[in-house]
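Chemist: Let me begin by handing over the structure; questions about it come next.
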Amino acid sequence: MIGDVIGQSGLKALFAGLGPLVRSSGADLVVANGENAQAGFGIGKDEVDKLLAMGVQVVTSGNHVWEKPGAAELLDGTERLLRPANYPPGVPGKGMVALEAGGAMWAVLNLQGRESMYAIDCPFRRADELLARLREESPGALVLVDFHAESVEEKEALAYHLDGRVSGFAGTHTHVQTADERILPKGTGYLTDLGMTGPDDSVIGVKAEICIRRGLSQMPIKMETAESGASISGVLFTIDAESGRCLAVERVRA
Ligand SMILES: [Fe+2]
Ligand SMILES: [Fe+2]
Numbered sequence: 092m093i094g095d096v097i098g099q100s101g102l103k104a105l106f107a108g109l110g111p112l113v114r115s116s117g118a119d120l121v122v123a124n125g126e127n128a129q130a131g132f133g134i135g136k137d138e139v140d141k142l143l144a145m146g147v148q149v150v151t152s153g154n155h156v157w158e159k160p161g162a163a164e165l166l167d168g169t170e171r172l173l174r175p176a177n178y179p180p181g182v183p184g185k186g187m188v189a190l191e192a193g194g195a196m197w198a199v200l201n202l203q204g205r206e207s208m209y210a211i212d213c214p215f216r217r218a219d220e221l222l223a224r225l226r227e228e229s230p231g232a233l234v235l236v237d238f239h240a241e242s243v244e245e246k247e248a249l250a251y252h253l254d255g256r257v258s259g260f261a262g263t264h265t266h267v268q269t270a271d272e273r274i275l276p277k278g279t280g281y282l283t284d285l286g287m288t289g290p291d292d293s294v295i296g297v298k299a300e301i302c303i304r305r306g307l308s309q310m311p312i313k314m315e316t317a318e319s320g321a322s323i324s325g326v327l328f329t330i331d332a333e334s335g336r337c338l339a340v341e342r343v344r345a
């Protein structure tokens, strides 16, 4: 699982680095969060196509996914592009997809937090509903969760709520990788935040001087993506396909 890909520098870093990472790790499934892929805010068809062409099999997203014109059509028309599943009923797109990879059936579930974010539907209850449906439709599927959220408490709580029902659970949205990777008591692999795949010389992917001016002035100065060299951030979950249990969790920084 790869953290928020930020603009051109993030796309370039992933294009150069993903192949070697997949080859060295033997990863069967690659999921990347693309909510910031178009110039830092939102995603368009071009970025989805690029991510899929470079070996990402499912593109997840979050609060920024709505920002570019055509987002609704793109979400409705792209099987492997998700938006958080707990947006209210009737919203374009979907939050879960099932697919086959490496000889196993998988489902990727994208959810979004509510603490210090938006008052969308409950991620806990939506996850329960979707996992119950998945167990009927595809009983042995291995499940990965991208929980796009600000609050560490909310991330850990949802992960424990889903422990033993999903194989891997990773947070996104803060753009800073955490160092708390572990396997929860019932076998779910966990990392609070994957971090970003974006410019190293930046404030969460944005030019530092803009964020300083925002802090000093408290004015909503327009953010612009920084353009320094970039790193890939993510996590590698090793999963037992029979039991669905996570056997190892390794942070990835490349
Ligand atoms: Fe993001
Ligand atoms: Fe976000």
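Going by my numbering, the letters in the sequence shown line up with residues 92 to 345, in that order. Every residue gets a Cβ at the ideal spot worked out from N, C-alpha and C, and that includes glycine.
1. With distances taken from CA atoms, which of H252, G193 and R171 is nearest N76?
2. DSSP three-state call for R205: helix, strand or coil?
3. With a threshold of 7 angstroms, establish whether the CB of N201 neighbours any heavy atom of ligand 1.
4. Label A321 either buried or exposed according to how many other C-beta atoms from any shown protein chain fall within 10 Å of its C-beta, with 16 as the threshold for buried.
5. Quick one: using the 10 Å Cβ neighbour count with 16 as the cut-off for buried, is P290 buried or exposed?
6. On the CB-based measure, 16 or more other CB atoms within 10 Å of its CB, does Q129 come out buried or exposed?
7. Relative to the C-alpha of E191, which candidate in L233, S100, A317 and F328 has its C-alpha closest?
8. Under 8 angstroms by Cβ, that's how I've got I323 and G108 pegged, so tell me the actual separation to the nearest angstrom.
9. To the nearest angstrom, report how far apart M310 and G262 are at their CA atoms.
10. When you compare only the Cα positions, how much space is there between F260 and F328?
11. To which residues of the same chain is L338 closer than 6 angstroms at the C-beta, ignoring the five residues directly before and after it?
12. Within the structure, which residues are defined as neighbours of ligand 2 by a Cβ-heavy atom distance below 6 angstroms, reported in chain order?
13. Just to confirm, are D95 and E138 a CB contact at a threshold of 8 angstroms?
14. I believe H266 touches G153 by the beta-carbon criterion, under 8 angstroms. Please report the beta-carbon distance rounded to the nearest angstrom.
15. Please classify R238: does DSSP put it in a helix, a strand, or coil?
16. Which residue spans inside the stretch 146-222 form an unbroken alpha helix (DSSP H) run of at least 4?
17. Can you tell which of R226, R205, Y209 and G110 has its C-alpha closest to the C-alpha of A198?
18. Could you check what DSSP says for D140 in three-state terms: helix, strand or coil?
19. Does the distance from the C-beta atom of A250 to that of L275 stay below 8 angstroms?
20. Please classify R217 as buried or exposed, where buried requires at least 16 neighbouring CB atoms within 10 angstroms.
21. So if DSSP puts I274 in a beta bridge, which residue, or which two residues, is it bridged to?
22. Under the DSSP definition of a beta bridge, which residues are partnered with L327?
23. Return helix, strand or coil for I301, following the three-state DSSP convention.
Modeler: Looking at the atomic coordinates:
1. A query on residue 76 cannot be resolved here, the shown segment of the chain reaching from 92 to 345 and no further.
2. coil
3. no
4. buried
5. buried
6. buried
7. L233
8. 5 angstroms
9. 29 angstroms
10. 9 angstroms
11. T329 and D331
12. E126, G153, N154, H155, H239 and H264
13. no
14. With 8 angstroms as the limit, H266 and G153 do not qualify as a contact, their Cβ atoms being about 11 angstroms apart.
15. For the sequence presented, residue 238 should be read as Phe rather than Arg. Three-state result, F238: strand.
16. 162-168
17. R226
18. helix
19. yes
20. buried
21. G280
22. E341
23. helix
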